[in-house]
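Here is the structure we will look at, set down as structure tokens.
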Amino acid sequence: MHKDRRNDDRYYLNLDLQAEGELLLLVGEQTYEVCKLVDISPFGAGLSIDESIDAGCKVTLQYRLEKFYINVSGFVLWSEPENSQEVGGGFRMGVHFHRNNMPMNAALFKALTTKYHLRQPTLTTHESRPRIAARA
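Just so it is clear: in the sequence shown, position 11 is 11 by full-length UniProt numbering, and no numbers are missing.
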């Protein structure tokens, strides 16, 4: 299991929720459907796809809704096989978004979280920073 090193608040999405539209991960010439979006912030996302992607690979997360689309570039921080108890894709990964295009990062974050009612941050016993969870 990877060690979580993020310091930014994240919005955790209920695993049963699916974003309207289509969420894709572009790696070179390959396109992968995102099976599950686990968490997101303007700085990165946790997600699952069916294929393994090596840490360090440059990627683009693309959100499409009809003729509207947002592309956010970044790289894979870590990737590991999905927990056998979880439903979804075969590989879970953390993607760090490049900070040189924050307006697009924020647009993706807003597009994927706006329709959900967001709870107040709550502290857990093992962390000093609040986490923000999303619910339908």
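Cβ atoms here follow ideal geometry from the backbone N, Cα and C, with glycine treated the same way.
Backbone secondary structure at residue i - three-state DSSP
i: Ala45; result: strand
i: Leu67; result: The question names Leu, yet the displayed sequence has Lys at residue 67. Looking at Lys67 - three-state DSSP - the assignment turns out to be coil, as it is neither helix nor strand.
i: His117; result: For His117, the predicted structure reports a pLDDT of 46, less than 50, and the residue's modelled location is therefore unreliable. The matter cannot be settled from this model.
i: Asn14; result: Residue placement at Asn14 is poorly supported in this model, since its pLDDT is 49, which falls under 50; the coordinates are not used for a value here.
Proximity of residue i and residue j at Cβ, strictly below 8 Å
i: Asn105; j: Val76; result: no
i: Cys35; j: Ser52; result: no
i: Gly21; j: Gly44; result: no
i: Met102; j: Pro42; result: yes
i: Val59; j: Leu25; result: yes
i: Gly90; j: Glu80; result: no
i: Tyr32; j: Asp54; result: no
Cβ-based burial, residue i [other Cβ within 10 Å; buried from 16]
i: Tyr63; result: buried
i: Leu65; result: exposed
i: Phe68; result: exposed
i: Asp39; result: buried
i: Gln30; result: exposed
i: Gly28; result: exposed
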